[in-house]
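These protein sequence lines map, in sequence, to chains A, B, C and D. Number 184 in numbering that gives the first Met the number 0 belongs to position 185 of the first sequence; there are no gaps in the numbering. Number 107 in numbering that gives the first Met the number 0 belongs to position 108 of the second sequence; there are no gaps in the numbering. Number 107 in numbering that gives the first Met the number 0 belongs to position 108 of the third sequence; there are no gaps in the numbering. Number 9 in numbering that gives the first Met the number 0 belongs to position 10 of the fourth sequence; there are no gaps in the numbering. Cβ coordinates follow ideal geometry from the N, Cα and C atoms, glycine included. Keep in mind it's a predicted model, so treat the numbers as computed, not measured. Here is the structure we will look at.
Protein chains: 4
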Amino acid sequence: MTIQEPVTARPAGRPRSEKAEKAIIEATLDLIGDGMGVAELSIEAIASRAGVGKTTIYRRWSNKEELVADALATLKAPLPPLAGVSVRDDLISLLNAMREDKDRSRTRCVMNVMMSDADRYPALMERFRKVAIEPRKEAMREVLRRGIGTGELRADLDVEMGMAILSGTMIWYTKWASGDLPEDLPERIVDHVLPGLAA
Amino acid sequence: MTIQEPVTARPAGRPRSEKAEKAIIEATLDLIGDGMGVAELSIEAIASRAGVGKTTIYRRWSNKEELVADALATLKAPLPPLAGVSVRDDLISLLNAMREDKDRSRTRCVMNVMMSDADRYPALMERFRKVAIEPRKEAMREVLRRGIGTGELRADLDVEMGMAILSGTMIWYTKWASGDLPEDLPERIVDHVLPGLAA
Amino acid sequence: MTIQEPVTARPAGRPRSEKAEKAIIEATLDLIGDGMGVAELSIEAIASRAGVGKTTIYRRWSNKEELVADALATLKAPLPPLAGVSVRDDLISLLNAMREDKDRSRTRCVMNVMMSDADRYPALMERFRKVAIEPRKEAMREVLRRGIGTGELRADLDVEMGMAILSGTMIWYTKWASGDLPEDLPERIVDHVLPGLAA
Amino acid sequence: MTIQEPVTARPAGRPRSEKAEKAIIEATLDLIGDGMGVAELSIEAIASRAGVGKTTIYRRWSNKEELVADALATLKAPLPPLAGVSVRDDLISLLNAMREDKDRSRTRCVMNVMMSDADRYPALMERFRKVAIEPRKEAMREVLRRGIGTGELRADLDVEMGMAILSGTMIWYTKWASGDLPEDLPERIVDHVLPGLAA
DNA sequence: ACATAATCGAGACGGTACGTCCCGTCTTGTT
DNA sequence: AACAAGACGGGACGTACCGTCTCGATTATGT
Chain A
0 MTIQEPVTAR PAGRPRSEKA EKAIIEATLD LIGDGMGVAE LSIEAIASRA GVGKTTIYRR
60 WSNKEELVAD ALATLKAPLP PLAGVSVRDD LISLLNAMRE DKDRSRTRCV MNVMMSDADR
120 YPALMERFRK VAIEPRKEAM REVLRRGIGT GELRADLDVE MGMAILSGTM IWYTKWASGD
180 LPEDLPERIV DHVLPGLAA
Chain B
0 MTIQEPVTAR PAGRPRSEKA EKAIIEATLD LIGDGMGVAE LSIEAIASRA GVGKTTIYRR
60 WSNKEELVAD ALATLKAPLP PLAGVSVRDD LISLLNAMRE DKDRSRTRCV MNVMMSDADR
120 YPALMERFRK VAIEPRKEAM REVLRRGIGT GELRADLDVE MGMAILSGTM IWYTKWASGD
180 LPEDLPERIV DHVLPGLAA
Chain C
0 MTIQEPVTAR PAGRPRSEKA EKAIIEATLD LIGDGMGVAE LSIEAIASRA GVGKTTIYRR
60 WSNKEELVAD ALATLKAPLP PLAGVSVRDD LISLLNAMRE DKDRSRTRCV MNVMMSDADR
120 YPALMERFRK VAIEPRKEAM REVLRRGIGT GELRADLDVE MGMAILSGTM IWYTKWASGD
180 LPEDLPERIV DHVLPGLAA
Chain D
0 MTIQEPVTAR PAGRPRSEKA EKAIIEATLD LIGDGMGVAE LSIEAIASRA GVGKTTIYRR
60 WSNKEELVAD ALATLKAPLP PLAGVSVRDD LISLLNAMRE DKDRSRTRCV MNVMMSDADR
120 YPALMERFRK VAIEPRKEAM REVLRRGIGT GELRADLDVE MGMAILSGTM IWYTKWASGD
180 LPEDLPERIV DHVLPGLAA
């Protein structure tokens, strides 16, 4: 009688260092958070800051995109708590969360990459969409669906379209408005958009 | 009575070749149009394709950003002709123009860069905003103002906000929707947004 | 009792390739042998002919001088066999060796550089002196000392001066005589000089 | 009856500026005197130091060699006055002149170029030989011939060979001796060589 | 006096090579 | 087998000069 084998057989040799892996991802996020675009990121800079050989990076990720995708994936999108009382208040909370991200050093990575490197690195975007964008979209969809249920929004509302309008407008300001964003921007957006979506 | 001398006298030495300048900008746009991002662009590739020495580029532009900005600045944004009958139709035309640009090889440059390289190269964006984005924004503002005048839109409408909602939504789809954009997307956006802006 | 560790431990990382080093030096000598002066030598040409990246050259030598010095240092001066019978015959052999070097393709490097680039690149010269000039000087000194011992040369002869006279005269002809050197030049030099040095 | 034409008709147009020509040659000699080898000399540096356009240089000389040759040709070889009493004293004077040149800033050009750039630029050397080397050789030949006449030197002396021995030895020390040259070097050379040439 | 014409300075032109940086791969000895 | 260290061939960077080529301005001569 033999000892029970583990389900996935452990390969021979020294196991990969979790410490190295973490250091690499930390270094990557640090550099992105410092304002570096994906294209400017150099593997050598990451390896150096992580105190790691380049091989240790290439062994895990075959290119920069995948490394960045994994790095960003570790940043759970921290959604704001929603009061759940009125659709209007919850939407304002969600839009506010998008704005505030711009100033938080680590979570800023998400915005940095989403805004800058989106369609240059499609594979990155695909993975990134799942962990960072979809949860936010889903939260907003949820609010909109609830609004339809409570009758605050019209029954034939295209939920996807509603989300696009609200998020797209917020991003437009984030990206192309001159000067700082006004404090009450989310409120004003919702008040302009909501009447068109209401019953 | 003598003729007034021009304020800025012609500088000494051989004047810079307009031909070379054009060739450089053509080459730059060709490469961007071929799908190359600003980061992937190499000055050597531009010089080679333009049949020009690297010096001739560096003499005029001190870095890639400024070259790309000038190159894009030569692409006048070709606004669609507006029927001027109804606000709804004109807005649909303008949104359609944003989408169609993605497929026209040369003008595609504008979208390529605007979408990908915007905030990695802020100086680029600043110059680019003036020649490519502002005219489109102004055209849309004009339509909205006309709508207020004719009573199609409510009198207290925030024109800037209206523009942000329409353009932002369109860009949201362009960038983050999965799959191709539906033929009637501009129409559907306008129909979801307009009721909120109407009188 | 343990074995003594070597004083300088092997440095970390992949060791430098001896093959590359050899290829670089071969390429350098080839190009010099083809009549190229040190100033005309381009690192890129060497790298290309050696099938090597420029970095691999700069990693080893910080400038052309040092590379050329090392390259020439690999060319051991092939001294002619000396009969050892009479001082006169041996001196003629040594002078002949200086002349013949001019025509052998690889060893020609030595003369090329010694004659052309000597005091433009003093560091080069210093290293080169040790491996290429000194052995020849020493051989000639040896012959002269032997001559003093056998009484063929006068006892108070300044060996260094004797060497300078013989070599200097030969080089003078090599460098500034018009036309080809006569076959019996070494013989004639020795016959003009030796009487002054003889007992 | 017509006015007497000058022998060489003056061509139409603005005549070449002698001032520019002088400035160019001065600048060239300055740079060579500052220790710059012919290969390191850049036309642009000469033009800049002379306050002259590059065209003005290329109009007169088709390459660096010819410019340097002409520049050096303006430096008349300043031969030492010879006492004419004994062959020994005159030869010592001539050898001393070779050594002293090394320290005089402008005349140093002659040595610099003769020693360093001789056979890399054969055309240069050819012209240079005429104005700088030949007069010195001729002076030495003259002394040797006089010595044959007075019976101080043997009648069958090869004058050319005598010259080669004396000059070659001196240059050998100049070039390859370590440390400074001893004050009495010319004297010692002559005393080692002369017995072999004497009657 | 005025047109003609070669030369002047300045500096742009298409090139070549420089020495540096980083790429992604590869080889070391050690863990 | 994975690790850090670091060398490898390669490609682009931005700079310095090359020798050639315009420019407008200058300076002579021949009408």
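If I56 of chain B sits next to A46 of chain B, beta carbons under 8 Å apart, how far is it from one beta carbon to the other, in whole angstroms?
The Cβ separation is near 6 Å, so the contact holds.
Count the other CB atoms, across all protein chains shown, that sit within 10 Å of the CB of K63 of chain B; report buried if there are 16 or more and exposed otherwise.
With 16 or more Cβ atoms within 10 Å of its Cβ, K63 of chain B is classed as buried.
By DSSP, does L143 of chain A sit in helix, in strand, or in coil?
The answer is helix: DSSP assigns L143 of chain A an H, G or I state.
Per DSSP, what are the beta-bridge partners of A68 of chain B in this structure?
Looking at the DSSP assignment, A68 of chain B forms no beta bridge with any residue, so it has no partner.
Which residues in the same chain have their Cβ closer than 6 Å to the Cβ of R145 of chain B, if we skip the five residues on either side of it in sequence?
Within the same chain, R145 of chain B has no close Cβ partners at all.
Quick one: measure Cβ to Cβ for M160 of chain D and P185 of chain D, integer angstroms, because I've assumed they're closer than 8 Å.
With 8 Å as the limit, M160 of chain D and P185 of chain D do not qualify as a contact, their Cβ atoms being about 19 Å apart.
Can you check whether the C-beta of A38 of chain D is within less than 8 Å of a C-beta belonging to chain C?
With 8 Å as the cut-off, A38 of chain D counts as an interface residue toward chain C.
Closer than 9 Å by beta-carbon distance: list the chain D residues that pair up with S259 of chain C, in chain order.
What is shown of chain C runs 0 to 198, which leaves residue 259 of chain C out entirely.
Counting only beta-carbon separations shorter than 8 Å, does R187 of chain B have a partner in chain A?
True, the Cβ-Cβ gap to chain A drops below 8 Å.
Can you list the residues of chain C that A70 of chain D reaches, using a CB-CB cut of under 7 Å?
Result: empty, since nearest Cβ-Cβ is about 18 Å, beyond 7 Å.
Closer than 8 Å, CB to CB, is V158 of chain C near chain D or not?
Chain D contact via Cβ: absent.
Where do the N-terminal and C-terminal ends of the alpha helix (DSSP H) with A38 of chain D fall, by residue?
From DSSP, A38 of chain D is part of no alpha helix (DSSP H); its letter is neither H nor E.
Give the interface partners of V192 of chain B over in chain A, defined as CB-CB distance under 8 Å, in chain order.
The answer, in chain order, is I164, V192, G195.
What does DSSP give as the partner residue(s) for A197 of chain C in the beta ladder?
DSSP lists C:L152 as partners of A197 of chain C.
Can you tell me which of the three DSSP states A82 of chain D falls into?
Coil at A82 of chain D, not helix or strand.
Quick one: is D100 of chain A near chain B, going by C-beta distance under 8 Å?
Because the pLDDT of D100 of chain A is 49, which lies under 50, any placement of that residue in the model is unreliable, and the question is left without a value.
Check whether chain D comes within 8 Å of T1 of chain C, counting only Cβ atoms and requiring the distance to be less than that.
In this predicted model, T1 of chain C has a pLDDT of only 45, less than 50, meaning its place in the structure is not dependable; the value taken from the coordinates is given anyway. For T1 of chain C, the answer is no, since every Cβ of chain D falls outside 8 Å of its Cβ.
Which residues of chain B have a Cβ atom closer than 7 Å to the Cβ of I132 of chain A, listed in chain order?
Within chain B, the residues near I132 of chain A are W175.
Compute the Euclidean distance between the alpha carbons of D33 of chain C and A163 of chain C, then round it to the nearest angstrom.
Straight-line Cα distance between these residues: approximately 30 Å.
What three-state label does DSSP hand R219 of chain B in the structure shown?
Given a span of 0 to 198 for chain B in the structure shown, any question on residue 219 of chain B remains unanswerable.
When you compare the CB positions of G195 of chain A and H191 of chain B, do they come within less than 8 Å of one another, or not?
In contact: G195 of chain A and H191 of chain B (Cβ atoms closer than 8 Å).
Give the straight-line distance between the Cα atoms of R48 of chain C and W60 of chain A, rounded to the nearest whole angstrom.
Cα to Cα, the separation comes out at about 35 Å.
On the CB-based measure, 16 or more other CB atoms within 10 Å of its CB, does R15 of chain A come out buried or exposed?
With fewer than 16 Cβ atoms within 10 Å of its Cβ, R15 of chain A is classed as exposed.
What does the alpha-carbon distance come out to for the pair T173 of chain C and L156 of chain D?
Looking at the two C-alpha atoms, the distance is approximately 21 Å.
Among A:L93, A:A82, A:A19, which one has its Cα closest to the Cα of R58 of chain A?
Minimum Cα distance to R58 of chain A is reached at A:A19.
For the alpha helix (DSSP H) that T168 of chain B lies in, which residues bound it at each end?
158 to 175 is the extent of the alpha helix (DSSP H) around T168 of chain B.
Tell me which residues share the same chain as A44 of chain D and place their Cβ nearer than 6 Å to its Cβ, disregarding the 5 neighbours each side in the sequence.
None.
Hey, out of A:D29, A:L74, A:P80, A:A197, whose CA is closest to I132 of chain A's CA?
Comparing Cα positions, the closest option is A:L74.
Pick helix, strand or coil for S92 of chain C, following the three-state DSSP scheme.
In the structure shown, S92 of chain C sits in a helix (DSSP, three-state: H, G or I).
Considering Cα atoms alone, identify which of D:L152, D:L28, D:V158 is closest to A70 of chain D.
Nearest C-alpha to A70 of chain D: D:L28.
May I ask you to report which of helix, strand or coil DSSP gives V51 of chain A?
Coil, per DSSP.
Whole angstroms is fine: what's the gap from V189 of chain D's alpha carbon to N95 of chain D's?
Rounded to whole angstroms, V189 of chain D to N95 of chain D spans 11 Å at the Cα level.
What does the alpha-carbon distance come out to for the pair L180 of chain D and M97 of chain D?
Whole-angstrom Cα-Cα distance: 12 Å.
My guess is that V67 of chain B and I23 of chain B are in contact by the Cβ rule of under 8 Å, so how many angstroms apart are they, rounded?
Between I23 of chain B and V67 of chain B the Cβ distance is about 11 Å, and since that is not below 8 Å, they are no contact.
Would you give the residue range spanned by the alpha helix (DSSP H) that D29 of chain D belongs to?
That run of the alpha helix (DSSP H) goes 17 to 32.
Can you tell me whether P135 of chain D is buried or exposed, with buried defined as 16 or more other CB within 10 angstroms of its CB?
Note that residue 135 of chain D is Arg in the sequence shown here, rather than Pro. By the neighbour-count rule (16 or more Cβ atoms within 10 Å), R135 of chain D is buried.
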